[in-house]
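Going by our numbering, the first residue of the sequence shown is number 0, and it counts up by one from there. Just so it is clear, CB atoms sit at the ideal spot from N, CA and C, and this is done for glycine as well.
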Amino acid sequence: MGADQGSGVWKSGRGKGRVTPKGRQLDDVAWADVKDLLAGRTIRRDHLIEYLHLIQDKFGHLSAAHLRALAEEMRLGMAEIYEVATFYAHFDVVKEGETPPPALTIRVCDSLSCELAGAQELKSALEKGLDPSEVRVLRAPCMGRCDTAPVLELGHAHIDHATPEKVHEAIAAKHTHPKIPDYQTFDAYRAEGGYDVLADLRKTGNFEAVQQTLLDSGLRGLGGAGFPSGKKWGFVRDAAGPRYLAVNGDEGEPGTFKDRYYLERVPHLFLEGMLIAAWAVEADTCFIYMRDEYPAVLHILATEIAALEAAGIVAPGYIELRRGAGAYICGEESAMIESIEGKRGIPRHRPPFVAQVGVFGRPTLVNNIETLHWVARVLREGPEVLSDHEHNDRKGLRSYSVSGRVKNPGVYLLYAGSTITDIIAAAGGMMDGHTFKGYQPGGPSSGLLPASMHDIPLDFDTLQPHGTFIGSAAVVVLSDKDSARAAALNMLRFFEDESCGQCTPCRVGCEKAVKLMQADTWDQGLLGDLCTAMADASICGLGQAAPNPIRSTMKHFPEEI
Numbered sequence: 000m001g002a003d004q005g006s007g008v009w010k011s012g013r014g015k016g017r018v019t020p021k022g023r024q025l026d027d028v029a030w031a032d033v034k035d036l037l038a039g040r041t042i043r044r045d046h047l048i049e050y051l052h053l054i055q056d057k058f059g060h061l062s063a064a065h066l067r068a069l070a071e072e073m074r075l076g077m078a079e080i081y082e083v084a085t086f087y088a089h090f091d092v093v094k095e096g097e098t099p100p101p102a103l104t105i106r107v108c109d110s111l112s113c114e115l116a117g118a119q120e121l122k123s124a125l126e127k128g129l130d131p132s133e134v135r136v137l138r139a140p141c142m143g144r145c146d147t148a149p150v151l152e153l154g155h156a157h158i159d160h161a162t163p164e165k166v167h168e169a170i171a172a173k174h175t176h177p178k179i180p181d182y183q184t185f186d187a188y189r190a191e192g193g194y195d196v197l198a199d200l201r202k203t204g205n206f207e208a209v210q211q212t213l214l215d216s217g218l219r220g221l222g223g224a225g226f227p228s229g230k231k232w233g234f235v236r237d238a239a240g241p242r243y244l245a246v247n248g249d250e251g252e253p254g255t256f257k258d259r260y261y262l263e264r265v266p267h268l269f270l271e272g273m274l275i276a277a278w279a280v281e282a283d284t285c286f287i288y289m290r291d292e293y294p295a296v297l298h299i300l301a302t303e304i305a306a307l308e309a310a311g312i313v314a315p316g317y318i319e320l321r322r323g324a325g326a327y328i329c330g331e332e333s334a335m336i337e338s339i340e341g342k343r344g345i346p347r348h349r350p351p352f353v354a355q356v357g358v359f360g361r362p363t364l365v366n367n368i369e370t371l372h373w374v375a376r377v378l379r380e381g382p383e384v385l386s387d388h389e390h391n392d393r394k395g396l397r398s399y400s401v402s403g404r405v406k407n408p409g410v411y412l413l414y415a416g417s418t419i420t421d422i423i424a425a426a427g428g429m430m431d432g433h434t435f436k437g438y439q440p441g442g443p444s445s446g447l448l449p450a451s452m453h454d455i456p457l458d459f460d461t462l463q464p465h466g467t468f469i470g471s472a473a474v475v476v477l478s479d480k481d482s483a484r485a486a487a488l489n490m491l492r493f494f495e496d497e498s499c500g501q502c503t504p505c506r507v508g509c510e511k512a513v514k515l516m517q518a519d520t521w522d523q524g525l526l527g528d529l530c531t532a533m534a535d536a537s538i539c540g541l542g543q544a545a546p547n548p549i550r551s552t553m554k555h556f557p558e559e560i
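Here's what the structure looks like:
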């Protein structure tokens, strides 16, 4: 007899009968909804985040009933589903009895470049001018559009140089979907010789020769770590298979937008570079992990991957496009791999390193979008495309994401030895009425440097003697009208929001730092001790680098604190 066929079937500890098992009951309507969304799919545990996106996109939130139904379909515990859904900022989990969020959500970026451009005033104006029962207004971290600050996302459509008037017009016109930019399609790329290098390598390629070409070019990882690309490939190739390639497209470091810039224009340079890397390490599958804040890029990649499959360049399913869900920590390679596996983006303890134990426990090559973009160019044009450029005793080229108080923010491909003076000049100089005061050389993780340090090449290895690093080359320029103290607080608030919470030094340290930094006068001794504890004891780079804005502000802008 089933649980619904009589009383007393399920026994409690006191001997009282119950008609249903303990826990949240399965709702037939919600179960039918989930079955419809997953129809035709092979249910995979590592696709949990993809399934959560399907539900969120369809219904605008994740109800308790739908989460229970998903758990039933995946044969997973509710706790496992719930902990993943609540980890990511872009999932709205609604419990029984709670009111779902409005149908429309506006996310206002409040990272440094947007804050300098008036994001707080914009958010306040929207909150006053919109009905909260119809439109929800939230603060959000960097959306990778710092060159058009202030920026917000209306549904899945971005509004650049946003104003309340633009928002009201977009709502009235129901412009809530991403605008797909013009870009080089598969056919156009193929017509100019695209994928010829890949085809030749697959026929008669020599790995050692390719590796040496990359080493001769000087190409290093452009996601921030700067490890020589050819050497990394060799480590993974030497490991026993099966092997995987994971592409880190979670470009979440505030001030960074170079990867988006290239993907929205020439996506196939990246895709061919990725397939060359996959050939080099004999990868069984390529995973592209792309941040959810880039809906246009996700559309472009899905379209062009389908074109590659149709052309027979890759087998169907060889490239798996994975969509992030709003978690900066997933830019850390092991946290990204956890997310690819459908879990919370919690960084792993190392060793072992992902080159030996990566996706599904197998050796995995992790590369950044721009790195693979350059792989294709180097192997098409020769190592000289990078190595022949020299400036300030530094070789190569770098893509600098430039924003803040310059006339023409954007991505600038300059000599790797460029100084902040060179970069500001390339961006049209300072805005009228603004005098150069300081700059962030490589995202908030790099801290702040004063205008007096204007002659340092912004490249790998040149900034470490000054207590900072180039990172993702996200340059934000401050002027005399800005407060270094306020900029540092903005950065620490970001880290406080984005800490995964796994380790105490980072989780508690970021929160404590934000509180201390809001005092009229900073307690430099206490902040210094806190910075040491965070840098020495945090598990991953977020907590280890979070103190840099504090330390650099105390060192270079002592008059403000």
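- Going by DSSP, K173 is part of no beta strand (DSSP E) at all; its letter is neither H nor E.
- If you keep only unbroken alpha helix (DSSP H) runs of at least 4 residues inside the segment 513–558, you get 523–536, 540–544 and 547–555.
- A straight line joining the alpha-carbon of Q501 with that of L541 spans about 11 Å.
- In the DSSP assignment, I423 falls outside any beta strand (DSSP E) and lies within the alpha helix (DSSP H) extending over I419 to A425.
- Scanning F185, V246 and R550 for the CA closest to the CA of I299 turns up F185.
- For V358, there is no enclosing alpha helix (DSSP H), as DSSP marks it with neither H nor E.
- For L270 and H372, the gap between their C-alpha atoms comes out near 8 Å.
- In the three-state reduction of the DSSP assignment, A326 falls in the coil class.
- Around the beta carbon of R43, fewer than 16 other beta carbons sit within 10 angstroms, so the residue counts as exposed.
- A direct Cα-Cα distance of roughly 46 Å separates E168 from M533.
- The beta carbon of A148 is closer than 8 Å to those of C108, S112, C113, L115, A116, A118, H160, S402 and P408 in its chain, skipping five residues each way along the sequence.
- Per DSSP, the beta-bridge partners of C285 are L244 and I318.
- For G330, the CB contacts under 6 Å within the same chain, skipping 5 residues up- and downstream, are D249 and G251 in chain order.
- Contact annotation, N247 with V365: C-beta distance approximately 6 Å; criterion of less than 8 Å satisfied.
- P557 counts as exposed, since fewer than 16 other beta carbons sit within 10 angstroms of its beta carbon.
- Counting the other Cβ atoms within 10 Å of the Cβ of H176 gives fewer than 16, which makes it exposed.
- Inter-residue distance for D528 and G508 is about 10 Å (C-alpha atoms, whole angstroms).
- Close CB contacts of G154 within its chain, under the 8 Å cut and outside five residues either way in sequence, are with L103, T104, T175 and H176 (chain order).
- Residues I48, E49, F286, I287, Y288, M289, S338 and I339 of the same chain have their beta carbon placed closer than 8 Å to that of R321, with the five preceding and five following residues left out of the count.
- Inclusion of G442 and A485 in the CB contact set at 7 Å is not warranted, their separation being larger than that value.
- Distance from the CA atom of V296 to the CA atom of R259, rounded to whole angstroms, is 7 Å.
- Within a 10 Å sphere around the beta-carbon of Q211 sit fewer than 16 other beta-carbons, which makes this residue exposed.
- When secondary structure is reduced to three states using DSSP, F185 falls in the helix class.
- In this structure, Y261 and T284 do not form a Cβ contact; the two beta carbons are roughly 23 Å apart against a cut-off of 8 Å.
- By the CB criterion at 7 Å, P99 and V92 fall outside the cutoff.
- Of the other Cβ atoms in all chains shown, fewer than 16 fall within 10 Å of the Cβ of L525; this residue is therefore exposed.
- Residue pairing for T467: DSSP places it in no beta bridge.
- Given a length threshold of 4 residues, each whole run of the alpha helix (DSSP H) inside the segment 114–145 is given here in chain order: 118–128.
- Apart from the 5 residues on each side of it in sequence, Q517 sits with its Cβ closer than 8 Å to the Cβ of L488 in its chain, given in chain order.
- Inter-residue distance for Q543 and A536 is about 8 Å (C-alpha atoms, whole angstroms).
- Between the segment 214–230 and the segment 341–356 there are fewer than three inter-stretch CB-CB distances shorter than 8 Å, so the stretches are not counted as touching.
- Under DSSP, T162 takes part in no beta bridge, so it has no partner.
- Sixteen is the threshold: since fewer than 16 other Cβ atoms of the shown chains lie within 10 Å of the Cβ of R74, the residue is exposed.
- Just so you know, the alpha carbons of S386 and E559 end up roughly 42 Å apart.
- Distances from the CA of A282 to each of R361, Q55, F468 and E380 were compared; the closest alpha carbon is that of R361.
- By the 16-neighbour rule on beta-carbons within 10 angstroms, V28 is exposed.
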